[in-house]
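Since the structure comes first, as structure tokens, the remarks are kept for the end.
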Amino acid sequence: MTTYLKYYLSFLLIIFLSPLSVFCQTTVLLHDLTELQDIGKQTHYLEDASLGLSIEEIRNDSFETKFKKYTQETLNFSSTASAYWIKLRVTKTIPDNFYLNVGSAYIDSISLYEFDEENKLISTRHTGDDLPFNTREIEVGNYLFALDFDVNSTRTFYLRVKSHQPLFFPLRVGTLPNFLDYEHDLDFLQGIYFGFMLLIFLYNLFLYFSTRERIYLYYIAYVFSITWFMASIFGYFFEYFWPNTPFINQVVVVSSGLTMITATLFTQKFLNTKESSSIMHKGSMVFLVIGILVCALVLLGFKIEGLKLAQGGLLIMASYFLLLGIRFKLKGYRPAKYYLLAWGALIIGICFAILESLNLTFVMTYLNAMQIGSALEVLLLSFALGDRINMYKKQKEDAQLEALLAAKENERLIQEQNVILEKKVKERTAEVAIRNEELVNLNKEKDMLVNVVAHDLRTPLSHIRLLIQLIDVTSLHLTDDQKSYLTEIDNSADRLSQMIGRILNIHALETNRVKLKNQIIDLVELVNYVVRCFHLTAEDKEIEMIATSQPGSHFVEVDKNYMIQVLENLVSNAIKFSERGSKVALHVKSYDERTYVVVEDQGPGISEEDQKKLFGRFQRLSAQPTEGEASIGLGLSIVKKYIESMDGEIHCESELGIGTKFIISFESKDHLEKAEN
């Protein structure tokens, strides 16, 4: 009975206070202590496209008549660059502390002007995301303004709101306990959402550090961008992370651009669009460009344009990726089924959120549609990633099984091949043994042939030379030509004898039949002996021969006869390849525990190409003896073999047009040491 009486008296009070209520603005009655009261339909609004109207101008009669009655409980002005003025009259019918609630934490600037019944300005209050968080009367996410005036009094309020984000919010009145109950339910549901998103974020961050796969990095970036956007809508990031830096709130729409970028990168990696479908992959690159453009527009100050582009881009992107998922599902890509469900949930959430911001559907109270859609999406995408891991694990196991089977097959083939190879090796080994035996026999025959030829040739040659020497040239009446013929016959027989000797020497070295008789000798004496031997030969060619030696002892351990042959061969070559009037020098010196003999001429020199084949057998070089002397290309090969058999070294230094040096070196010896045979 008491309750009915209270409402009856309130009704009578309204009639007495507002005799012309039919023709004036509806008055909001503060009479309910049990629940919040939506007052959207009890307000009037005016659009301020110029953003320059002041409260004094708004109170002018010319503008008062332009206010329009709002017809919905939730005020929704969509995405707009205009400011809006909301006018409402409030009458308090019971004594209690009531508050006006602007139910959005996502409004840039809010100004509330309070007028009494005599149209006198009583208070002015300013707050919003553009100001620090502590400018709010009560520091909560939604805005609360105390309606502190006497019972049975009426106040007129002008509320100016402006935002670069979608401008829609419920406008309510109620007591502080009513708002606390509402905030309690809101925080509970929001805590579930953000806790879930944080769990997904941390879990996939752990997977990224465990696997180092880039897809998890894209996914956690995508989850973070969505979470940032949602936390900014409800004011949590502003309240807890940057309450004194409201500037960051002005770039919140950047998170929409980042969502498009990270979602595109994740989809490209998850569906492997680059390898699977180049056309669809190129199409997805458009959303990377749109996402970057959204971020650029917001950072450059075009926030409304960036917001509208983000809304349209997100909807088109979600639809395009849904088509991608359908295509890959039809191709038999198993994880695509979760991907389809995920993007389907997100599309529904985005569509509902856009319709909500465009004032084409109702506004949800505690959660918005995009939160529900994004939560379902990240959950299903987590399932998709897990299924993708299982699929790759199965593929890896199958590949390992195939590799194992292939390895066994290869092992079987290898065993078969080994048997075949062993058989062939035995056959080839038998053939090689036969060929080797044949070569040994041929080598023996060759040695025998060399010995026979050398013996048989030397005997008639020696006989020929002896007969020539017995001829008394002076007692015969021979012509000069005939005398020269006899001389040429003797020289030819001599050269042939030398050639046979060299062949036999090489043969002896190759068959290890040479027995060195090493003794410690003085190289200076040996060099002087060779110079004396070639004195007449050098004089015939008008070549000066000199021998020099460094002060000190120059003893080496060599076979004297072979060393003489080495020096004779080198000196003979030096004379052959030197021009008349030039010089051939032999130098002996010792240092660093080695003794050196240098045979130096002023001949044409030896090219680098010829130096590479200098010590080979039967090598004919480009340089030729200056007066047609004979050269069969065996001398230097014999020299090298002799020197190496005596533990010595030989090398050549030559420059074209300047001359050539042959340097022989042996380990230096003390002349008191005994000879070693």
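For the sequence shown, the working numbering assigns the number 487 to the initial residue and increments by one for each residue that follows.
Quick reminder that beta carbons are idealized off the backbone N, C-alpha and C, glycines included.
Going straight from the alpha carbon of residue i to that of residue j, what length do you get?
i	j	result
Val918	Lys930	18 Å
Ser536	Ala567	9 Å
Ser507	Thr529	With a pLDDT of 38 at Ser507, under the threshold of 50, the modelled position of that residue is not reliable, and no figure is offered here.
Glu863	Tyr585	38 Å
Ser565	Trp829	25 Å
Ser1151	Asn1059	19 Å
Gly1143	Phe1063	12 Å
Glu1153	Gly1134	7 Å
Asp1026	Ile1032	15 Å
Lys534	Ile580	Contrary to the premise, residue 534 reads as Asp rather than Lys in this sequence. Their backbone Cα atoms lie some 35 Å apart in a straight line.
Asn1186	Glu761	This structure cannot speak to residue 1186, because the chain is shown only from 487 to 1163.
Leu793	Phe807	21 Å
Ile541	Ala870	56 Å
Arg898	Thr759	41 Å
Arg951	Ala979	7 Å
Glu791	Phe710	23 Å
Tyr1082	Leu947	38 Å
Phe601	His612	15 Å
Thr512	Leu633	17 Å
Met766	Leu783	27 Å
Let me know if residue i comes out buried or exposed under the rule of 16 or more other beta-carbons within 10 Å of its beta-carbon.
i	result
Ser639	exposed
Phe655	buried
Ile712	buried
Pro652	buried
Thr551	exposed
Gly589	buried
Gln881	exposed
Cys510	With a pLDDT of 49 at Cys510, under the threshold of 50, the modelled position of that residue is not reliable, and the figure given next carries that caveat. Per the 10 Å Cβ criterion, exposed.
Val514	buried
Asp1078	exposed
Arg921	exposed
Ile501	Caution applies to Ile501, whose pLDDT of 40 falls short of 50 and renders its modelled position unreliable; the model cannot decide the point.
Quick one: measure Cβ to Cβ for residue i and residue j, integer angstroms, because I've assumed they're closer than 8 Å.
i	j	result
Val1016	Ser1035	No, Val1016 and Ser1035 are not in contact; Cβ-Cβ is about 13 Å, not under 8 Å.
Arg820	Asp873	6 Å
Asn587	Gly660	7 Å
Val1085	Val1057	6 Å
Val780	Leu795	5 Å
Leu1121	Asn1055	Note on residue identity: the sequence assigns Gly, not Leu, to residue 1121. With 8 Å as the limit, Gly1121 and Asn1055 qualify as a contact, their Cβ atoms being about 5 Å apart.
Leu827	Arg658	Not confirmed; about 36 Å, so no contact.
Under 8 Å, do residue i and residue j count as touching if we go by C-beta distance?
i	j	result
Ile596	Tyr629	yes
Asp582	Leu519	yes
Lys1155	Phe1041	yes
Arg1080	Ile1029	no
Thr1146	Gly1089	yes
Leu751	Tyr704	yes
Leu1012	Leu982	no
Glu1043	Gly1091	no
Ile608	Trp571	no
Gly627	Gly721	yes
Tyr702	Ala749	no
Thr577	Leu516	yes
Gly811	Ala822	yes
Trp728	Ile734	yes
Tyr825	Phe756	yes
Leu1002	Ser1093	no
Phe619	Phe724	yes
Ala861	Phe687	no
Ser741	Thr753	no
Asn1004	Asp1045	yes
Ala717	Phe680	yes
Val739	Lys789	yes
Taking C-alpha atoms, which residue in the options lies nearest to residue i?
i	options	result
Ile1136	Leu1142, Val576, Ile1149	Ile1149
Thr745	Arg641, Phe692, Met856	Met856
Lys573	Thr642, Thr610, Leu522, Ile580	Thr642
Pro732	Ala1060, Ala591, Cys1138	Ala591
Ile858	Leu871, Ser868, Ile834	Ile834
Ser649	Gln736, Asn605, Tyr708, Gly589	Gln736
Leu785	Glu974, Leu952, Gly743, Val911	Gly743
Leu953	Gln968, Thr965, Leu972, Asp966	Leu972
Asn730	Cys837, Phe756, Thr621, Met683	Thr621
Asp1110	Ile1061, Gln754, Glu1130, Leu887	Reading the sequence as shown, one finds Gln at residue 1110 and not Asp. Among Ile1061, Gln754, Glu1130, Leu887, the Cα nearest to that of Gln1110 is on Ile1061.
Gly1038	Leu532, Lys1075, Ile1050, Ile1006	Lys1075
Lys1127	Ala885, Phe1101, Thr560	Phe1101
Asn546	Leu561, Asn605, Leu598	Asn605
Leu1072	Glu1095, Ser1123, Lys1099, Arg1018	Arg1018
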